[in-house]
């Protein structure tokens, strides 16, 4: 009775040793530029709440997506973000607004404190987009709306589309391009909000 047992055990060991190992999953995040905090008075005395972005169901995950010509999209198997794209964008934008000192205070979406203004957004695209067989780019499409919470009226709205060429046509190249695109987006949105503040004075 022992021989069948040892035969089965040996077979399982052989199969286990010969089975291909699954590649590890690479996880990526986006960090803001390192800036020194400015010791200046806020440009606006208002408090700002940055609301969570409304986004497509496919972009509400940590997957790193690519987009090919003709609308074909998919997720890289062994690469993903440390958080959802909307959260990463929000973190970088918050850091940019804090560094520029635009508002008296910034409130996260989870805060129960009342804010004078709220920044809403719709994230429509966050892809490693392939425009041809040998060219690709980081592509972000997002619309922002700045709302006065007292009047419930929009102070301003703007759609931002940002593209940054990728140096390689793989997941790592897509991550690098989307990282640069996210930082560029935060710079453009911060400048747009600065202009709105100055117009409201």
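Residue numbers (our numbering): 33 to 233. Think of the CB as a built atom: it goes at the ideal place given N, C-alpha and C, for glycine as much as any other residue.
- Here the alpha carbon of residue 111 sits roughly 8 Å from the alpha carbon of residue 60.
- Comparing alpha carbon positions, the residue from 139, 164, 153 closest to residue 147 is 139.
- Of all alpha-carbon atoms in 119, 118, 91, 115, the one lying nearest the alpha-carbon of residue 106 is that of 91.
- Put simply, of 171, 189, 215, 203 the residue whose alpha carbon is nearest the alpha carbon of residue 195 is 171.
- A buried status is given to residue 214, since no fewer than 16 other beta-carbon atoms sit within 10 Å of its beta-carbon.
- Shown here, residue 215 sits in a helix according to DSSP, grouped into three states.
- The segment 177–187 makes no contact with the segment 195–206: fewer than 3 CB pairs, one atom from each, lie closer than 8 Å.
- Residue 55 and residue 175 have their C-alpha atoms spaced approximately 37 Å apart.
- Residue 134 and residue 75 do touch by the CB rule: their CB atoms are close to 5 Å apart, below 8 Å.
- Rounded to the nearest angstrom, the Cβ distance from residue 168 to residue 161 is 6 Å, consistent with a contact under 8 Å.
- In terms of CA proximity to residue 149, 188 leads the group 89, 98, 123, 188.
- Each residue's CA atom was taken as its position, placing residue 192 and residue 57 some 31 Å apart.
- Rounded to the nearest whole angstrom, the CA to CA distance from residue 232 to residue 155 is 26 Å.
- When C-alpha distances from residue 118 are compared across 86, 143, 129, 79, the shortest belongs to 86.
- DSSP places residue 73 in no beta strand (DSSP E); its state is neither H nor E.
- Straight through space, the alpha carbons of residue 79 and residue 129 are spaced by roughly 12 Å.
- Here residue 131 carries a helix assignment [DSSP, helix/strand/coil].
- Counted as a single uninterrupted DSSP element, the beta strand (DSSP E) harbouring residue 98 occupies residues 95–99.
- Per DSSP, residue 201 lies in no beta strand (DSSP E) and is assigned neither H nor E.
- The Cβ atoms of residue 108 and residue 203 sit closer than 7 Å to each other.
- In the displayed model, residue 89 falls within a helix according to three-state DSSP.
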